[in-house]
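Colleague:
In full-length UniProt numbering, the protein residues as written are 1 to 372.
Printed below as a string of structure tokens:
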């Protein structure tokens, strides 16, 4: 944490952060958790520096709690505005070298559509709207109807704008609503045919994982319902140390975030649904995140001065929280660090990102492509 904060504040620099993090990961048994004298001393010194440098701490707090605008994300995401791991073509494909991020994102969204076996008559619940890419893609390709939940006012506004531009406002409804407060839909079944959630489980928190799947079980139709989830995961052997620590991501990027293990997810599905949701498939697409994070970082840095800096200053003025030059630079270095930190984690196979498909007993749609 001390190194992260020093980097954000410009107190240290590194010409190749990705290589630095990979080296750290390779030697983490000796360097992590304060297990050596050197690491313990350096951690204490960094903590003392943060405690005494109040001006620096103020800049860190501004950078941590700033309400980020849609304009910033548009500056580094692909045009579809999907902020999650895609699925790239394999390197062996002759088309791999020229594949765009948008094409890889569409492949991932199509994986969800196929795994959930979406069709025209389905009413789909999406938990976590993002900027509407999954809902738009699902309706465009299948003709289904989507109810999508978000807790972000800014994301809701832009998602609805994108839905209107696609001419799909009669098929997609975006609600500003917590999944726990959502009543069953007003249809003959009183439930949704399918449920989809993409990289939202990380925001649920360990203590609410079972509650989350209780809600999924309550809202999903009993006769053949299917649900598909995507979640970044922590390795089983690293989880205890991770859960007991305060890492950079949870302090400065996703406060309150929690990366579960695959076994925790499966156990929570079983407990929350009272074993009514059967795990059909688990696919780890984590390796596909490394390239994605590199591309996001490159576009973030390339577009920072032209697009992101003006958006930050504009929004800070609206909120009466004027950001100075040092605050903006701290913000920039924080996101550079975040992208690189995560890229190294996925490159080293320390982090995973799984797509879990579950279904009710009797979900015969899952048999459609199986020869019988």
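Each residue gets a CB set at the ideal place from its N, CA and C atoms; glycine is no exception.
If you're wondering where the values come from, they're calculated on a predicted model, not measured in any experiment.
What's the gap between the Cα of residue 184 and the Cα of residue 322?
Modeller: Taking the straight line joining both Cα atoms gives about 43 Å.
Colleague: Grab me the residues of residue 263's own chain with a C-beta within less than 8 Å of its C-beta, minus the 5 sequence neighbours each way, in chain order.
Modeller: 236
Colleague: Taking contact to mean 3 or more Cβ pairs, one atom from each stretch, closer than 8 Å, check whether the segment 84-91 and the segment 106-118 are in contact.
Modeller: With a cut-off of 8 Å, the segment 106-118 and the segment 84-91 count as touching, because enough Cβ pairs lie within range.
Colleague: Hey, is the segment 246-260 in contact with the segment 190-199, meaning 3+ C-beta pairs nearer than 8 Å?
Modeller: no
Colleague: Pull up the DSSP beta-bridge partners for residue 192, would you.
Modeller: 220
Colleague: Would you tell me roughly how many angstroms separate the C-alpha atoms of residue 148 and residue 121, rounded to the nearest one?
Modeller: 17 Å
Colleague: Going by the DSSP bridge assignment, what does residue 180 pair with across the sheet?
Modeller: Beta-bridge pairing links residue 180 to no other residue.
Colleague: Please report the residue range of the beta strand (DSSP E) in which residue 231 lies.
Modeller: 226-233
Colleague: Please return the same chain residues whose Cβ sits closer than 7 Å to the Cβ of residue 269, not counting the five positions on each side in sequence.
Modeller: 213, 277, 279, 358.
Colleague: Do you know how far the Cα of residue 99 is from the Cα of residue 389?
Modeller: Nothing about residue 389 can be read from this structure; the chain reaches only from 1 to 372.
Colleague: Going along the chain, which residues of its own chain have a beta-carbon closer than 6 Å to the beta-carbon of residue 205, five neighbours each way excluded?
Modeller: 258
Colleague: Whose CA, out of 167, 200, 296, lies closest to the CA of residue 128?
Modeller: For residue 128, the nearest C-alpha among the options comes from 200.
Colleague: Could you give the first and the last residue of the continuous beta strand (DSSP E) run that contains residue 352?
Modeller: Start and end: 352-359.
Colleague: My output table needs one value for residue 123: the three-state DSSP class, helix, strand or coil.
Modeller: Strand, per DSSP.
Colleague: Cα-Cα, which of 216, 186, 221, 256 is closest to residue 207?
Modeller: 256
Colleague: Determine the direct distance from the alpha carbon of residue 298 to that of residue 33, and round the result to whole angstroms.
Modeller: Caution is warranted here: a pLDDT of 47 is assigned to residue 33, below 50, making its placement in the model unreliable, and no coordinate value can be reported.
Colleague: Is it true that the segment 306-321 meets the segment 134-151, where meeting means three or more beta-carbon pairs spaced less than 8 Å apart?
Modeller: no
Colleague: Is residue 87 helix, strand or coil by DSSP?
Modeller: Looking at residue 87 - three-state DSSP - the assignment turns out to be coil, as it is neither helix nor strand.
Colleague: Out of 198, 289, 135, which has the shortest C-alpha to C-alpha gap to residue 168?
Modeller: 135
Colleague: Give me whichever residues DSSP pairs with residue 173 in a beta bridge.
Modeller: 147
Colleague: Could you check what DSSP says for residue 306 in three-state terms: helix, strand or coil?
Modeller: helix
Colleague: Just to confirm my understanding: we take residue 132, look at its own chain, exclude 5 residues before and 5 after, and list those with CB closer than 6 Å. What are they?
Modeller: 159, 162, 163
Colleague: Going by DSSP in three states, residue 262 sits in which element: helix, strand or coil?
Modeller: In this structure, residue 262 counts as helix in the three-state DSSP scheme.
Colleague: Check residue 114 in the structure and name its three-state DSSP category.
Modeller: helix
Colleague: Between residue 142 and residue 97, what straight-line distance do the alpha-carbon atoms span, to the nearest angstrom?
Modeller: Roughly 30 Å separates the two Cα atoms.
Colleague: Taking the alpha helix (DSSP H) that residue 283 belongs to, which residues open and close that run?
Modeller: No alpha helix (DSSP H) holds residue 283; the beta strand (DSSP E) holding it covers 278-284.
Colleague: Measuring only the C-alpha atoms, how far is residue 356 from residue 231?
Modeller: 8 Å
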